[in-house]
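Structure first, commentary second.
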Amino acid sequence: MCDEKHEQRINVKFLVKLKKTPTECYKLLKEAYGENSLSRARVFEWYKRFSEGRESTEDDQRPGRPVSVSTPQTVTKINQTYYLTVLATLRERVRKKRSELWKNKSWILHQDNAPAHNALSVKRYLAARGTPVLEHAPNSPDLAPCDFFLFPKIKSALKGTRFESMEEVKQKSAELLNALTKEDFQHCFDQWKKRMERCVARGGEYIEGEHSIVE
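FYI, the numbering for the sequence shown is 1 to 215, going by UniProt numbering.
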(Lines of atoms letter the chains of each structure in order from A and count residues from 1; the text may use other names and numbers.)
(Lines give C-alpha, C1' and ligand atoms only; values in the text may rest on other atoms or scores of the structure.)
Protein backbone atom coordinates (compact mmCIF):
# COMPACT_ATOMS: atom_id res chain seq x y z
CA MET A 1 0.00 0.00 0.00
CA CYS A 2 1.03 3.62 -0.47
CA ASP A 3 1.86 4.95 3.01
CA GLU A 4 1.58 8.57 4.12
CA LYS A 5 5.27 9.39 3.59
CA HIS A 6 5.10 7.97 0.09
CA GLU A 7 2.02 10.13 -0.56
CA GLN A 8 4.02 13.17 0.46
CA ARG A 9 6.89 12.30 -1.87
CA ILE A 10 4.33 12.02 -4.69
CA ASN A 11 3.04 15.44 -3.73
CA VAL A 12 6.55 16.92 -3.73
CA LYS A 13 7.12 15.59 -7.25
CA PHE A 14 3.80 17.08 -8.33
CA LEU A 15 4.63 20.45 -6.77
CA VAL A 16 8.03 20.50 -8.48
CA LYS A 17 6.21 20.17 -11.81
CA LEU A 18 4.05 23.13 -10.76
CA LYS A 19 7.32 25.08 -10.26
CA LYS A 20 6.73 25.66 -6.56
CA THR A 21 9.76 26.55 -4.44
CA PRO A 22 11.11 24.13 -1.81
CA THR A 23 9.78 26.37 0.95
CA GLU A 24 6.32 26.49 -0.64
CA CYS A 25 6.34 22.69 -0.91
CA TYR A 26 7.21 22.32 2.75
CA LYS A 27 4.51 24.77 3.86
CA LEU A 28 1.83 23.07 1.75
CA LEU A 29 2.72 19.62 3.09
CA LYS A 30 2.63 21.06 6.60
CA GLU A 31 -0.86 22.42 5.90
CA ALA A 32 -2.08 19.08 4.55
CA TYR A 33 -0.38 16.62 6.91
CA GLY A 34 0.26 18.62 10.07
CA GLU A 35 2.58 16.89 12.53
CA ASN A 36 2.89 13.91 10.20
CA SER A 37 4.47 15.94 7.41
CA LEU A 38 8.00 15.26 6.20
CA SER A 39 10.75 17.29 7.82
CA ARG A 40 12.00 20.40 6.07
CA ALA A 41 15.29 18.66 5.30
CA ARG A 42 13.53 15.66 3.71
CA VAL A 43 11.25 17.88 1.64
CA PHE A 44 14.24 19.85 0.34
CA GLU A 45 16.14 16.62 -0.34
CA TRP A 46 13.31 15.13 -2.41
CA TYR A 47 12.70 18.47 -4.11
CA LYS A 48 16.33 18.44 -5.31
CA ARG A 49 16.03 14.86 -6.56
CA PHE A 50 12.87 15.51 -8.58
CA SER A 51 14.25 18.80 -9.91
CA GLU A 52 17.24 16.87 -11.24
CA GLY A 53 14.99 14.50 -13.16
CA ARG A 54 14.31 11.67 -10.75
CA GLU A 55 11.06 9.85 -11.58
CA SER A 56 10.70 7.20 -8.87
CA THR A 57 8.98 8.24 -5.64
CA GLU A 58 10.16 5.15 -3.76
CA ASP A 59 12.46 5.67 -0.78
CA ASP A 60 15.91 4.30 -1.64
CA GLN A 61 16.53 3.42 1.99
CA ARG A 62 13.76 0.84 2.05
CA PRO A 63 14.97 -2.75 1.34
CA GLY A 64 13.50 -4.65 -1.56
CA ARG A 65 11.09 -3.20 -4.06
CA PRO A 66 7.80 -2.35 -2.35
CA VAL A 67 4.57 -2.39 -4.28
CA SER A 68 2.67 0.89 -4.35
CA VAL A 69 -1.05 1.11 -5.00
CA SER A 70 -3.10 4.20 -5.71
CA THR A 71 -6.11 4.34 -3.42
CA PRO A 72 -9.01 6.80 -3.16
CA GLN A 73 -7.40 8.08 0.05
CA THR A 74 -4.12 8.76 -1.76
CA VAL A 75 -5.87 10.60 -4.57
CA THR A 76 -7.85 12.66 -2.06
CA LYS A 77 -4.66 13.70 -0.26
CA ILE A 78 -3.00 14.72 -3.53
CA ASN A 79 -6.11 16.70 -4.54
CA GLN A 80 -6.04 18.48 -1.17
CA THR A 81 -2.41 19.45 -1.61
CA TYR A 82 -3.01 20.64 -5.16
CA TYR A 83 -6.03 22.70 -4.05
CA LEU A 84 -3.91 24.38 -1.39
CA THR A 85 -1.58 25.55 -4.18
CA VAL A 86 -4.61 26.87 -6.07
CA LEU A 87 -5.77 28.82 -3.01
CA ALA A 88 -2.30 30.24 -2.45
CA THR A 89 -2.17 31.39 -6.08
CA LEU A 90 -5.68 32.86 -5.84
CA ARG A 91 -4.88 34.85 -2.72
CA GLU A 92 -1.74 36.24 -4.33
CA ARG A 93 -3.67 37.22 -7.47
CA VAL A 94 -6.31 39.03 -5.39
CA ARG A 95 -3.57 40.81 -3.42
CA LYS A 96 -1.83 42.02 -6.58
CA LYS A 97 -4.72 42.67 -8.95
CA ARG A 98 -7.53 43.71 -6.57
CA SER A 99 -5.60 45.46 -3.84
CA GLU A 100 -8.65 47.44 -2.70
CA LEU A 101 -10.55 44.22 -1.97
CA TRP A 102 -7.49 42.72 -0.31
CA LYS A 103 -6.94 45.68 2.01
CA ASN A 104 -10.51 46.01 3.26
CA LYS A 105 -11.09 42.23 3.20
CA SER A 106 -14.31 42.61 1.24
CA TRP A 107 -13.78 39.63 -1.06
CA ILE A 108 -15.47 36.28 -0.43
CA LEU A 109 -14.45 32.82 -1.65
CA HIS A 110 -17.16 30.61 -3.13
CA GLN A 111 -16.42 26.94 -3.75
CA ASP A 112 -18.59 23.88 -4.19
CA ASN A 113 -18.69 20.84 -1.91
CA ALA A 114 -15.98 18.76 -3.59
CA PRO A 115 -14.08 16.59 -1.05
CA ALA A 116 -10.85 18.56 -1.49
CA HIS A 117 -12.69 21.81 -0.77
CA ASN A 118 -14.10 20.46 2.49
CA ALA A 119 -10.85 18.88 3.67
CA LEU A 120 -9.77 19.84 7.18
CA SER A 121 -6.39 21.06 5.91
CA VAL A 122 -8.15 23.42 3.48
CA LYS A 123 -10.52 24.73 6.15
CA ARG A 124 -7.59 25.35 8.50
CA TYR A 125 -5.66 27.12 5.74
CA LEU A 126 -8.54 29.50 5.01
CA ALA A 127 -9.36 30.09 8.68
CA ALA A 128 -5.73 30.84 9.56
CA ARG A 129 -5.64 33.50 6.86
CA GLY A 130 -9.03 35.00 7.63
CA THR A 131 -10.45 34.18 4.19
CA PRO A 132 -14.28 34.43 4.28
CA VAL A 133 -16.05 31.55 2.55
CA LEU A 134 -19.58 31.54 1.13
CA GLU A 135 -21.10 28.17 2.02
CA HIS A 136 -22.33 26.17 -0.97
CA ALA A 137 -25.80 24.64 -0.77
CA PRO A 138 -25.59 20.80 -0.76
CA ASN A 139 -26.35 18.91 -3.98
CA SER A 140 -26.53 22.11 -6.01
CA PRO A 141 -24.54 21.85 -9.27
CA ASP A 142 -26.81 24.61 -10.57
CA LEU A 143 -24.86 27.04 -8.37
CA ALA A 144 -21.33 25.96 -9.31
CA PRO A 145 -19.90 28.03 -12.22
CA CYS A 146 -17.86 25.08 -13.48
CA ASP A 147 -20.99 22.92 -13.65
CA PHE A 148 -23.41 25.40 -15.20
CA PHE A 149 -20.94 27.36 -17.33
CA LEU A 150 -17.43 26.05 -17.91
CA PHE A 151 -17.86 22.28 -18.35
CA PRO A 152 -20.99 22.51 -20.56
CA LYS A 153 -19.34 25.20 -22.70
CA ILE A 154 -16.28 23.02 -23.36
CA LYS A 155 -18.37 19.88 -23.81
CA SER A 156 -20.54 21.64 -26.38
CA ALA A 157 -17.48 22.82 -28.34
CA LEU A 158 -15.92 19.33 -28.34
CA LYS A 159 -19.12 17.48 -29.23
CA GLY A 160 -18.88 15.52 -32.47
CA THR A 161 -15.10 15.89 -32.74
CA ARG A 162 -13.02 12.71 -32.98
CA PHE A 163 -9.60 12.80 -31.33
CA GLU A 164 -6.71 10.41 -31.89
CA SER A 165 -5.23 10.72 -28.41
CA MET A 166 -5.81 12.12 -24.94
CA GLU A 167 -3.13 14.72 -25.62
CA GLU A 168 -5.24 16.11 -28.46
CA VAL A 169 -8.22 16.38 -26.12
CA LYS A 170 -6.11 18.22 -23.55
CA GLN A 171 -4.67 20.57 -26.16
CA LYS A 172 -8.08 21.45 -27.60
CA SER A 173 -9.55 21.94 -24.12
CA ALA A 174 -6.68 24.26 -23.22
CA GLU A 175 -7.28 26.27 -26.41
CA LEU A 176 -10.96 26.66 -25.54
CA LEU A 177 -10.13 27.78 -22.01
CA ASN A 178 -7.58 30.31 -23.25
CA ALA A 179 -10.13 31.66 -25.73
CA LEU A 180 -12.58 32.66 -22.99
CA THR A 181 -12.90 36.43 -22.69
CA LYS A 182 -13.47 38.78 -19.78
CA GLU A 183 -17.01 39.21 -21.06
CA ASP A 184 -17.57 35.44 -20.84
CA PHE A 185 -16.52 35.41 -17.20
CA GLN A 186 -18.53 38.54 -16.42
CA HIS A 187 -21.63 36.90 -17.91
CA CYS A 188 -20.90 33.77 -15.89
CA PHE A 189 -20.61 35.84 -12.71
CA ASP A 190 -23.90 37.61 -13.46
CA GLN A 191 -25.61 34.26 -13.97
CA TRP A 192 -24.10 32.92 -10.76
CA LYS A 193 -25.44 35.90 -8.82
CA LYS A 194 -28.94 35.46 -10.27
CA ARG A 195 -28.91 31.74 -9.46
CA MET A 196 -27.84 32.46 -5.90
CA GLU A 197 -30.67 34.97 -5.49
CA ARG A 198 -33.23 32.48 -6.87
CA CYS A 199 -31.87 29.77 -4.59
CA VAL A 200 -32.34 32.03 -1.56
CA ALA A 201 -35.84 33.00 -2.73
CA ARG A 202 -36.77 29.31 -3.04
CA GLY A 203 -35.38 28.40 0.34
CA GLY A 204 -32.41 26.48 -1.04
CA GLU A 205 -34.46 24.39 -3.46
CA TYR A 206 -32.61 22.93 -6.46
CA ILE A 207 -33.28 24.90 -9.65
CA GLU A 208 -34.39 22.09 -11.94
CA GLY A 209 -33.30 22.41 -15.55
CA GLU A 210 -31.13 25.47 -14.96
CA HIS A 211 -27.75 23.78 -15.14
CA SER A 212 -27.52 24.04 -18.93
CA ILE A 213 -24.81 25.92 -20.74
CA VAL A 214 -24.63 29.66 -20.30
CA GLU A 215 -24.49 31.26 -23.72
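In this text, a Cβ means the ideal position worked out from N, Cα and C, and glycines have one as well.
Since the model is a prediction, treat every value here as computed from it, not as a measurement.
- Around Ser173, the same chain offers Ile154, Leu158 as residues with beta carbons nearer than 8 Å, after the five sequence neighbours per side are excluded.
- Non-local C-beta neighbours of His110 in its own chain, meaning closer than 6 Å and more than five positions away in sequence, comprise Leu134, ordered along the chain.
- As a beta-bridge residue in DSSP terms, Val133 pairs with Leu109.
- Bounds of any alpha helix (DSSP H) do not take in Leu143, whose DSSP letter is neither H nor E.
- For Phe185, the enclosing alpha helix (DSSP H) covers residues 182 to 201.
- Under the three-state reduction of DSSP, Pro22 is assigned to helix.
- Excluding its 5 nearest sequence neighbours in each direction, Lys123 has no C-beta neighbour in its own chain below 7 Å.
- Classified as exposed, Val169 has fewer than 16 neighbouring CB atoms from the shown chains inside 10 Å of its CB.
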